[in-house]
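The next block holds one structure in the form of structure tokens; read it before the comments.
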């Protein structure tokens, strides 16, 4: 539904020319909720704006629906107003001189097709009902709360039933509680409408909870692309592991490979030999870093507990977080973080056994 | 805060002082308009009547006055605003290549006093000696000079040019603060570029644009120097020059009461525009809405229109500063005004500058001017600061009223302020102020009080109380906090207001002309006015050249201070 091929975008700032997007390829399937995730300045918003036509790329091709809307080689630049899109801006961009009704009616009035007064009212009412703003039609736009503005912006983007919905950090201006509710509602809504959605955010939680597919970007390039679960559980770059969630990193050297893809091999670390999932292109003796998520580590008080991948560590710090107890352990000079139930009764200074399940230990080549 | 929040004696003192300074002249203005006495000094409550109003408003000349004022104010505002909108739009929203020239050059045009600019244009376009007229006559073999600057058209053209910098400086932030996402949202909603400009950009700019427009109407209405230089010689009067002409008439016995009766209507017009201005400002604030962070405004590609745009920009800068300044410098080296030729350049002389040094009146006027502007600027800064302190930081019962009182002079045209104080100083003859530079200093201080308090209010509001509280909890006693936190943060505003007042007090001729008496009390603006009147054109050119250079330097200092001020702004809490 959306396809980008070898997209390069430069733009001019006061500091000079910035190569914001460096050769991106991606494809969004019809009906998919596709998220671009990355820190600020990674090029995700520039990519989205290029799809909207608000930014003109220097190289590459962009398809929206079945239309080729941009092609550097064929010199095609379709202006934004001819693209079949709806967009929600980070600032919502609600026109303050128009009321709620006129804001939503705007895209309809700009369409080639002329709507009758009745039709116009129906379409706008329908869109406002979708976002639960019915009854506020005549309210001047500046008298809306942040959450209402956000929903109004969504109604305006959806009212002409575009084939693609573009969302630029639409939740970042809402307060925490509202953001949480809206995450769920927004996904429900676009799924119910079956509209193809390209979503840009720097919030990992939004990306993981809402998306069908997440693409992580850094410095203008795609780092990794996959389902939220793949991205979280099997990061292929240290950047991704670091950016999304908490990860323990353990330096080591490959002791034995097993051959084949995602095979269990052995890695020698400062605290002992551990069995882990190895990538297929790795050889014995390579320097690697082992990743394990805090919640994948099991803590046992019984020190005689002995299976493979068990280490002994001393509790160095305990941080009460309400729903969990974050436990920092010293294991052979290395600090590992794990999460326990708050009622676990663990004490500071206590020595415990840690089980790192081999299937959860991922290995990346050190860079 | 070190100003105790209990209402203190000095709060009431400031309140009373401002009340007296603002209301007393106005009361005298009103009473004077009913006075049937020949001279203001003879005024008493027994000799009152409507005769002045009857005389003034049955005179057919008064209706011509209305028409002239309307045409001149409307025409110059329209011309000035269109030019300013174009320039502001070019620098903010397009890829015009010479932006830095506009940002730097347009505010510089504020440095030239209107009186001198008008005189420069007389040198260029007067039917008798105008260089451009002569040149056009030679070029096309015309019998009569084609352009007459002593006309409503000439006044509109020049005042229009003069309105551009202020309008530009007001419009740039307006265009900059408009979130481009509002226009982009229209683009992705399917609106074409022209439709975006019409339905979104212009509609969003409208309240601000109307406010700028009204502000410019006020400026054009109040100005005396342009119609004074270009209209008076041809007998084309607007309100400000008519009142001046009645009071300072050389041939007739002045009818002071009639001048007041005219001034009342003039004042009413100014008050009404000020009222609308204040209303527009509060309305445009309603348009604020959540804006995104760190957006990059999109710039329109001018394409082949780049070069016409650049030419327009340079033409404006050429007409607004370069040409008037060049003609002044040129004339200041001549014995008499003549068109540029080899002969003229050969005959150039420093005589005019030497004359300035030898001519006693110049030295006296310079001393008077320095005294007058220094006193005015210092008094304005001091009084405005105290007023703002009460308004912003105290719980004094009358602080809202005090704020409004301090804003009132904004609506009073300089000439009206002049005639009002003229009555005050003539009546309170136990104080020997009338006709001296002290009279001008008091008049100017009251006039600039509105500007001073607006700046101080804004600055004081920005110094969040937590900045001082942080100093207290860091162990600084109140006087150390005042010295190390409060004053350093206020200093740029003090300096900024001080220089702004100097820049304005030195160039305005209207009010000093109403209040001075005798050659020993002349300031520079009066001296220039009188010398011009008597035909010493090259000498005026010499003083004007020096004055413009000085003001240009001061303007540069203001820009620098202004920059520092932005730099030192405390983050919003």
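Residue numbers (this note's numbering), protein chains in the order written: chain A, -12 to 354; chain B, 4 to 576.
From the three backbone atoms N, C-alpha and C, an ideal C-beta is built for every residue, glycine too.
Values in this document were obtained by computation on a predicted structure and should not be read as measured data.
Any non-hydrogen atom of the ligand COA closer than 7 Å to residue i Cβ
| i | result |
| --- | --- |
| residue 437 of chain B | The ligand COA is not part of the structure shown, which contains no ligands of any sort. |
Any chain B beta carbon closer than 8 Å to residue i
| i | result |
| --- | --- |
| residue 78 of chain A | yes |
| residue 163 of chain A | no |
| residue 57 of chain A | no |
| residue 328 of chain A | no |
| residue -12 of chain A | no |
| residue 72 of chain A | yes |
| residue 6 of chain A | no |
| residue 142 of chain A | no |
Minimum Cβ-Cβ distance from residue i to chain A less than 8 Å
| i | result |
| --- | --- |
| residue 380 of chain B | no |
| residue 334 of chain B | no |
| residue 119 of chain B | no |
| residue 187 of chain B | yes |
| residue 184 of chain B | yes |
Sequence-distant residues of its chain with Cβ nearer than 7 Å to residue i (five each side left out)
| i | result |
| --- | --- |
| residue 51 of chain B | 37, 38 and 39 |
| residue 258 of chain A | 298, 318, 319 and 321 |
| residue 66 of chain A | 40 |
| residue 277 of chain B | 221, 413 and 414 |
| residue 164 of chain A | none |
| residue 408 of chain B | 21, 22 and 25 |
| residue 284 of chain B | 214 |
| residue 464 of chain B | 395 |
| residue 146 of chain A | 91, 94, 95, 110, 111 and 114 |
Neighbourhood of residue i by C-beta, 6 Å cutoff - its chain only, sequence neighbours within 5 removed
| i | result |
| --- | --- |
| residue 406 of chain B | 394 |
| residue 375 of chain B | 440, 443, 444 and 526 |
| residue 389 of chain B | 17 |
| residue 520 of chain B | 438 |
| residue 274 of chain B | 414 |
| residue 231 of chain B | 244 |
| residue 166 of chain A | 158 |
| residue 226 of chain B | none |
Own chain partners of residue i with C-beta closer than 8 Å, once the 5 adjacent residues on each side are dropped
| i | result |
| --- | --- |
| residue 533 of chain B | 525 |
| residue 251 of chain A | 245, 262, 263, 264, 265, 345 and 346 |
| residue 26 of chain A | 189, 205 and 230 |
| residue 271 of chain A | 241, 242, 243 and 244 |
Residue-level contact to chain C via CB, residue i, 8 Å cutoff
| i | result |
| --- | --- |
| residue 191 of chain B | The question asks about chain C, but that chain is absent: this structure's protein chains are A and B. |
Residue i - DSSP class collapsed to helix/strand/coil
| i | result |
| --- | --- |
| residue 262 of chain A | strand |
| residue 180 of chain A | helix |
| residue 51 of chain B | strand |
| residue 439 of chain B | coil |
| residue 118 of chain B | helix |
| residue 101 of chain A | coil |
| residue 413 of chain B | helix |
| residue 31 of chain A | helix |
| residue 200 of chain B | helix |
| residue 533 of chain B | helix |
| residue -8 of chain A | strand |
| residue 124 of chain A | coil |
| residue 574 of chain B | The predicted position of residue 574 of chain B is uncertain, since its pLDDT is 34 and thus under 50; no value can be drawn from it. |
| residue 251 of chain B | coil |
| residue 373 of chain B | helix |
| residue 0 of chain A | strand |
| residue 209 of chain A | strand |
Residues from the segment 95 to 112 of chain A in contact with chain B, defined by Cβ distance under 7 Å:
97 and 98
Touching by the beta-carbon criterion (3+ pairs, under 8 Å), the segment 530 to 548 of chain B and the segment 327 to 341 of chain B:
yes
Can we say the segment 163 to 173 of chain A touches the segment 131 to 142 of chain A, given the rule of at least three CB pairs closer than 8 Å?
yes
Does the pairing of the segment 116 to 129 of chain A with the segment 148 to 157 of chain A give three or more beta-carbon distances under 8 Å?
no
Any contact of the segment 91 to 106 of chain B with the segment 547 to 558 of chain B, i.e. 3+ C-beta pairs under 8 Å?
In short, these stretches do not touch, since the Cβ pair count stays below three.
Check whether the segment 108 to 124 of chain B touches the segment 165 to 185 of chain B, counting contact only when three or more Cβ pairs, one atom from each stretch, lie closer than 8 Å.
yes
Taking contact to mean 3 or more Cβ pairs, one atom from each stretch, closer than 8 Å, check whether the segment 17 to 24 of chain A and the segment 178 to 192 of chain A are in contact.
yes
Below 8 Å, how does it come out for the segment 189 to 196 of chain B and the segment 86 to 104 of chain A: are there three or more Cβ pairs, yes or no?
yes
Please determine if the segment 449 to 460 of chain B and the segment 304 to 324 of chain B are in contact, where contact requires at least 3 C-beta pairs separated by less than 8 Å.
no
Along the segment 183 to 207 of chain A, where does the CB come closer than 9 Å to a CB of chain B? Name the residues.
none
Output, in sequence order along the chain, the residues in the segment 190 to 220 of chain B whose CB is closer than 9 Å to any CB in chain A.
190, 191, 192, 193, 194, 195, 196, 198, 199, 202, 203, 206, 207, 209 and 210
Within 8 Å of chain B by C-beta, residues of the segment 252 to 271 of chain A in sequence order:
Residues: none.
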